[in-house]
Amino acid sequence: MLQGDADVARAFHCNVRTVRRLRQLYRKTGRTADHPRSGRPRVTTPAPDRYSRTSHLRDRYRMATTTARVTPGMHNPCVSAQTVRNRLREAGLRACRPVVRQVPWWKSGVTSHSKNCQIWCSP
């Protein structure tokens, strides 16, 4: 039979202080489970989360940056677009990504002379 904290610590290959802390915790609460931690505080409350979720459900082509500009945060005046994307992912939604298209050369302000030079120089 194990007598003291040192014997128990040797049997479980841990520190004596760990055994003492667990024994005190068991006497105090009746269990040895550790208390839950709060983690990092959230930037938004449930109300802005609900707003961003419903606005993206109403408009499927809305971008996260647009929602982030109008959503107030708890500590900052606005939240980041990444926060909006994370909250939408938690709700099972996705934010729309902006479409980046190539502009044709005749609309980009390139003159025919410079385009001819580019064609002539290319192999």
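When we follow the numbering used here, the leftmost residue of the sequence shown carries the number 549, and every step to the right adds one.
Note that beta-carbon positions come from the ideal geometry of N, C-alpha and C, so glycine has one too.
As the structure is a prediction and not an experimental result, all values here were calculated from the model.
{"Query": "Given Ala595 as reference, the closest of Leu641, Cys644, Gln666, Arg635 once Cα atoms are compared", "Result": "Arg635"}
{"Query": "Thr613 versus Arg649, His561, Arg606, Ala629, residue with shortest Cα-Cα distance", "Result": "Ala629"}
{"Query": "Option in Gln551, Arg617, Asp607 with minimal Cα separation from Ala643", "Result": "Asp607"}
{"Query": "Anticipated Cβ contact below 8 Å, Thr615 with His604, distance rounded", "Result": "7 Å"}
{"Query": "Whole-number beta carbon distance between Cys626 and Arg617, since they are thought to touch under 8 Å", "Result": "6 Å"}
{"Query": "8 Å Cβ shell around Thr672 - same chain, five flanking residues per side excluded", "Result": "This structure gives no information on residue 672, because the portion of the chain shown stretches from 549 to 671."}
{"Query": "Nonlocal neighbours in the same chain, by C-beta distance under 8 Å from Asp553, ignoring five residues either side", "Result": "Val564, Val567, Arg568, Arg571"}
{"Query": "Secondary structure of Cys562, DSSP reduced to three states", "Result": "coil"}
{"Query": "Boundaries (first-last residue) of the alpha helix (DSSP H) holding Gln630", "Result": "629 to 638"}
{"Query": "Exposed unless 16 or more other CB atoms sit within 10 angstroms - verdict on Asp597", "Result": "buried"}
{"Query": "First and last residue of the uninterrupted alpha helix (DSSP H) at Asp582", "Result": "Element bounds for Asp582: n/a, residue is neither H nor E."}
{"Query": "Cys644, DSSP secondary structure in three states", "Result": "strand"}
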